[in-house]
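Read the structure below first, then the notes.
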Amino acid sequence: MPNLVQPKVLKGFRDFLPETEISRKEIQTTLENTFKSFGMVPIDTPILEYTEVLLGKGSGETDKQIYRFQDHGKRDVAMRFDLTVPFARFMAANLNNLYLPFKRYHISKVWRGENTQRGRYREFTQCDFDIVGVDSPEADFEILSIMYESLTALGIPDIHIHISHRGIFNAFLEYLGVKENSAEILRIVDKLAKIGEEKVLEQLEELTNKEKASKILEYISADGSFDEILSKLEELSGGPTEGSKRLGTIRKMMLNCGIEDLFILNPSITRGLDYYTGIVYETFLDELPAIGSVCSGGRYNNLASIYSKTEMPGVGSSIGLDRLMAALEELGVSSSKKSLTKVLIMNMDDSLKGHYFNIAAKLRKAGINTEVFLEQKKMKNQFTFAERKNIPFAIIIGEDEYKENKVSVKNLETRENFNMTNIEDAIKIIGGNKE
RNA sequence: GUGGAUAUAGUUCAAUCGGUAGAGCACCAGAUUGUGGUUCUGGGUGUUGCGGGUUCAAGUCCCGUUAUCCACCCCA
């Protein structure tokens with residue numbers, strides 16, 4: 005008995021079986037189609053980068069989560085922990101070959117050495133879409149539209165996109181005289197929904213003082229309609245700011261498109277990453293608030309500045325595919341029973357083997373995914389195989405069919421038989437059942 | 001990374017005081033049908049997550065380890 009190696013996978017890393025992977029791919033295709041419909045183009049970047057490239061402007065927090073090591077040439081390298089930072093590097097490196105504004109999407113895996121939880125893994129897939137090269141409310145709004153269209157295309161019911169603005173908040177903190185603590189304040193504020201007002205107030209008091217803490221709480225828990233909250237924020241931050249004006253403009257575009265109900269102005273949304281400079285957003289499912297944001301992002305106007313002297317304002321958002329899939333599963337929206345093969349040609353007769361492949365080729369030419377059962381076994385076996393793989397149709401060709409150049413089709417779900425039909429009719433029967 | 005809970009067959013679960021692992025479903029083999037859902041016969045399919053320890057004896061008690069779930073942290 006040889007010593008077998010345990011076929012184990014790392015904590016937070018996963019295998020994907022066909023039934024999962026098929027729907028993952030479908031979701032990705034749906035998203036890609038939505039992105040393309042807005043004129044976005046795909047790109048790709050290496051998963052490994054120089055550590056300094058990834059951490060150039062990262063926060064202290066991301067340092068801890070990053071997978072980092074020395075390569076064989078003693079280079080200090082790291083695996084990307086998101087797609088936005090490599091994208092900034094990409095822009096700086098390829099600016100000469102690009103046209104601005106540049107709109108790209110990128111669906112790929114990223115890695116963070118965090119502790120795992122449901123819907124949270126160490127290897128996960130992000131679907132990013134960004135617009136670089138314009139700092140306009142139109143661009144901000146377009147990203148919001150894509151977020152909405154993408155999630156709608158996936159058939160996700162009842163979403164709300166919570167939006168907020170870093171610029172206004174910074175103006176407010178400056179007005180309050182606590183700007184130097186902004187990073188910590190942002191982090192505390194972000195927890196409002198989770199730990200409640202009391203705890204937030206407590207932590208803010210520790211950091212600043214009683215008066216200022218209650219002012220901050222007043223800011224982040226501002227209530228009412230979009231416009232009411234907006235004017236409240238302006239009031240608290242000492243008058244209208246560039247950011248608040250822009251939010252007003254974006255609000256008008258929402259009203260024009262009749263999608264204003266989807267958006268909630270929520271000043272407690274701040275986002276952990278510190279590269280954001282303008283609008284920020286997170287998306288929650290009404291029925292599953294606990295699962296967290298499934299799509300979030302914002303405007304980052306200085307991100308590329310560490311790589312290039314050219315200014316490249318950007319705005320974008322990212323869908324967490326794994327978290328989204330966990331949500332879809334829980335909501336019962338995901339369709340797990342999918343097959344890619346439409347018909348199985350049963351292996352009945354030794355002398356007809358070549359004929360089976362010939363028929364299969366014809367069916368494929370007609371656009372029908374076809375496979376031939378690859379050994380001669382009992383029909384029961386072959387049917388069981390088809391059932392396991394969720395193949396909806398079987399084609400049976402025995403001596404009789406072969407002689408008259410016909411086939412018999414069986415619908416495996418209804419067990420309905422279509423005996424001795426010609427191939428053209430068989431194609432109609434099978435193809436007509438397309439989803 | 002820290003703290004807590006959990007880990008038994010493909011799956012859902014059971015196993016008393018520590019006494020040598022069992023049930024439903026699923027599955028496999030065979031019989032019978034040119035068409036699998038019925039029927040008949042036969043089969044338990046297991047490194048009790050992994051590694052140690054205590055004991056005459058460990059799924060059960062102890063220690064370690066790995067993974068999962070939950071909280072913190074952070075985020076998608």
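Its first residue numbered 5, the first sequence is counted upward by one per residue in our numbering.
For glycine and all other residues, C-beta sits at the position ideal for the given N, C-alpha and C.
* Asked: Alpha carbon to alpha carbon, how far is R392 from E56?
  -> For this step, residue 392 is matched to residue 388 along the first sequence. For this step, residue 56 is matched to residue 52 along the first sequence. So the alpha carbons of these two residues sit roughly 49 Å apart.
* Asked: How should G402 be labelled, buried or exposed, when 16 other C-beta atoms within 10 angstroms of its C-beta is the threshold for buried?
  -> Translated into positions along the first sequence, residue 402 becomes position 398. Per the 10 Å Cβ criterion, exposed.
* **DSSP-derived helix/strand/coil call for P22** => Position 18 of the first sequence holds residue 22. P22 falls in the helix class under three-state DSSP.
* **Local Cβ density within 10 Å of T314, reported as buried at 16 or more and exposed below that** => Indexing the first sequence from 1 puts residue 314 at position 310. Its Cβ having fewer than 16 others within 10 Å, T314 is exposed.
* Rounded straight-line distance, which links the Cα of E127 to that of A430 -> Reading the first sequence from its first residue, position 426 is the one you call residue 430. Reading the first sequence from its first residue, position 123 is the one you call residue 127. So the alpha carbons of these two residues sit roughly 44 Å apart.
* **Close-in-space but distant-in-sequence residues of the same chain around G62 (CB under 6 Å, 5 per side omitted)** => Walking along the first sequence from the start, residue 62 turns up at place 58. Here the model assigns G62 a pLDDT of 46, short of 50, so the residue's position is not dependable, and the following value carries that caveat. If we look at G62 and ignore the five residues flanking it on each side, it has no Cβ neighbours.
* Look at the alpha carbon of T253 and the alpha carbon of I167, and state the distance between them as a whole number of angstroms. => Against the first sequence, residue 253 aligns to sequence position 249. Against the first sequence, residue 167 aligns to sequence position 163. Distance between the alpha carbons of T253 and I167: 14 Å.
* **Close-in-space but distant-in-sequence residues of the same chain around A390 (CB under 7 Å, 5 per side omitted)** => Taking the first residue of the first sequence as 1, we reach residue 390 at position 386. These residues qualify, in order along the chain: L348, A398 and L416.
* Asked: What do you reckon, are the CB atoms on L205 and L190 nearer than 7 Å?
  -> Within the first sequence, numbered from 1, the residue matching residue 205 stands at position 201. Within the first sequence, numbered from 1, the residue matching residue 190 stands at position 186. Contact flag unset, no.
* What is the rounded straight-line gap between the Cα of G64 and the Cα of R303? -> Translated into the one-based positions of the first sequence, residue 64 becomes position 60. Translated into the one-based positions of the first sequence, residue 303 becomes position 299. Because G64 sits at a pLDDT of 46, beneath the cut-off of 50, its placement in the model cannot be relied upon, and the point is left open.
* So, helix, strand or coil for S149, using DSSP? -> As a first step, residue 149 must be located in the first sequence, where it is residue number 145. Helix, per DSSP.
* Asked: Sorted by chain position, which residues of the same chain lie with C-beta nearer than 6 Å to R93's C-beta, five sequence neighbours on each side aside?
  -> As a working mapping, residue 93 is identified with position 89 in the first sequence. The answer, listed in chain order, is V57 and Y311.
* Asked: So what does DSSP say about V347, is it helix, strand or coil?
  -> Residue mapping note: residue 347 aligns to position 343 of the first sequence, counting from 1. V347 falls in the strand class under three-state DSSP.
* Is there contact between the stretch 229–240 and the stretch 184–198, where contact requires at least three CB pairs shorter than 8 Å? -> no
* Would you mind giving the Cβ-Cβ distance between M83 and I51, rounded to the nearest angstrom? I have them listed as a contact below 8 Å. => The sequence position of residue 83 within the first sequence is 79, counting from 1. The sequence position of residue 51 within the first sequence is 47, counting from 1. Confirmed, about 6 Å.
* Classify I323 as buried or exposed, calling it buried when 16 or more other Cβ atoms lie within 10 Å of its own Cβ. => To locate residue 323, count along the first sequence from 1; it is residue 319. Counting Cβ neighbours within 10 Å, I323 comes out buried, since at least 16 surround it.
* Which parts of the stretch 229–271 are runs of the beta strand (DSSP E), unbroken and 3 residues or longer, counting only runs that do not cross its ends? -> 267–269
* **Same chain, Cβ closer than 7 Å to V114, five either side skipped, listed in chain order** => As a first step, residue 114 must be located in the first sequence, where it is residue number 110. Same-chain partners within the cutoff: R84, F85, D86, L87, F128 and Q130.
* CB of I372 within 7 Å of CB of I433, strictly -> In the first sequence, counting from the first residue as 1, residue 372 sits at position 368. In the first sequence, counting from the first residue as 1, residue 433 sits at position 429. Contact: no.
* To do: Check V138 in the structure and name its three-state DSSP category.
  => Working through the first sequence from its first residue, we reach residue 138 at position 134. V138 falls in the coil class under three-state DSSP.
* Tell me whether N351 is buried or exposed, calling it buried when 16 or more other Cβ atoms sit within 10 Å of its Cβ. => The residue you call residue 351 lines up with position 347 of the first sequence. So N351 counts as buried.
* To do: Put M424 into one of helix, strand or coil per three-state DSSP.
  => Locating residue 424 in the first sequence gives position 420, counting from the first residue. In this structure, M424 counts as strand in the three-state DSSP scheme.
* **Outcome for H110 when other beta-carbon atoms lying within 10 angstroms are tallied against a minimum of 16** => Indexing the first sequence from 1 puts residue 110 at position 106. Buried is the call here.
* 7 Å Cβ shell around L177 - same chain, five flanking residues per side excluded -> Position 173 of the first sequence holds residue 177. Excluding sequence neighbours, L177 sits near K183, S186 and I189.
* Along the chain, which unbroken stretches of the alpha helix (DSSP H) at least 4 residues long are found entirely within the stretch 63–120? -> 64–69 and 88–98
* **Residues near V319 by beta carbon distance below 6 Å, same chain, minus five either side** => Working through the first sequence from its first residue, we reach residue 319 at position 315. Cβ neighbours of V319 beyond the five flanking positions: I135, A143, D144, I147 and R303.
* **Spatial distance of S300 from V284 (CA atoms)** => Counted from its first residue, the first sequence places residue 300 at position 296. Counted from its first residue, the first sequence places residue 284 at position 280. Cα to Cα, S300 sits roughly 8 Å from V284.
* To do: Let me know the secondary structure DSSP gives K203 once reduced to three states.
  => Along the first sequence, read from residue 1 onward, the residue named residue 203 stands at position 199. Of the three classes helix, strand and coil, the one that applies to K203 here is helix, per DSSP.
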